[in-house]
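Let me begin by presenting the structure, written as structure tokens, before commenting on it.
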Amino acid sequence: AGFERVGIVTGYRRADGSPAGIESVGEPDLRVEIEELPGWSDDIRGVRKIVDLPAAARTLLDRIAAVTGVPVLAASVGPERSALAL
């Protein structure tokens, strides 16, 4: 289990290059801006603390927080409802 690379959406742009907000999703010719980050190959299903995640996974969570302006307080690490890293 793992990911070689992980992409996150950091914004949207219209065909003319001007920035667009989430309300513009569905407009023709809207381009999604995706930032790729390194992935990880470690099995994280048993991890229950964010600090115990692989460095690349923590970097991903930090980047999500930076892009959204909202701290990441939990991350799903498996399909079970209880599979959370806090």
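If you use my numbering, the sequence shown corresponds to residues 146 to 231, in order.
Glycine included, C-beta positions come from ideal geometry on N, C-alpha and C.
Remember, it's a predicted structure, so these values are computed and weren't measured experimentally.
Taking the beta carbon of residue i as the centre, do at least 16 other beta carbons fall within 10 Å, making it buried, or is it exposed?
i	result
VAL192	buried
VAL177	exposed
ALA202	buried
ALA160	exposed
LEU205	buried
ALA200	exposed
Just the Cα atoms here: how many angstroms apart are residue i and residue j?
i	j	result
ILE209	ILE195	14 Å
PRO198	ARG158	The sequence given here has Leu at residue 198, not Pro. Straight-line Cα distance between these residues: approximately 33 Å.
GLU168	LEU175	11 Å
VAL222	ASP187	11 Å
ALA230	VAL217	10 Å
GLY233	ASP207	Since the first and last residues shown for the chain are 146 and 231, residue 233 lies out of range.
Would you mind giving the Cβ-Cβ distance between residue i and residue j, rounded to the nearest angstrom? I have them listed as a contact below 8 Å.
i	j	result
ILE179	VAL212	Not quite, the Cβ-Cβ distance comes to about 11 Å (not below 8 Å), so this is no contact.
ALA228	ARG190	6 Å
PRO164	GLY171	Not a contact, Cβ separation roughly 16 Å.
So what does residue i bridge to, in DSSP terms?
i	result
GLY156	GLU178
message = Under 8 Å: do the region 183–190 and the region 149–167 share three or more Cβ pairs, one atom per stretch?
response = yes
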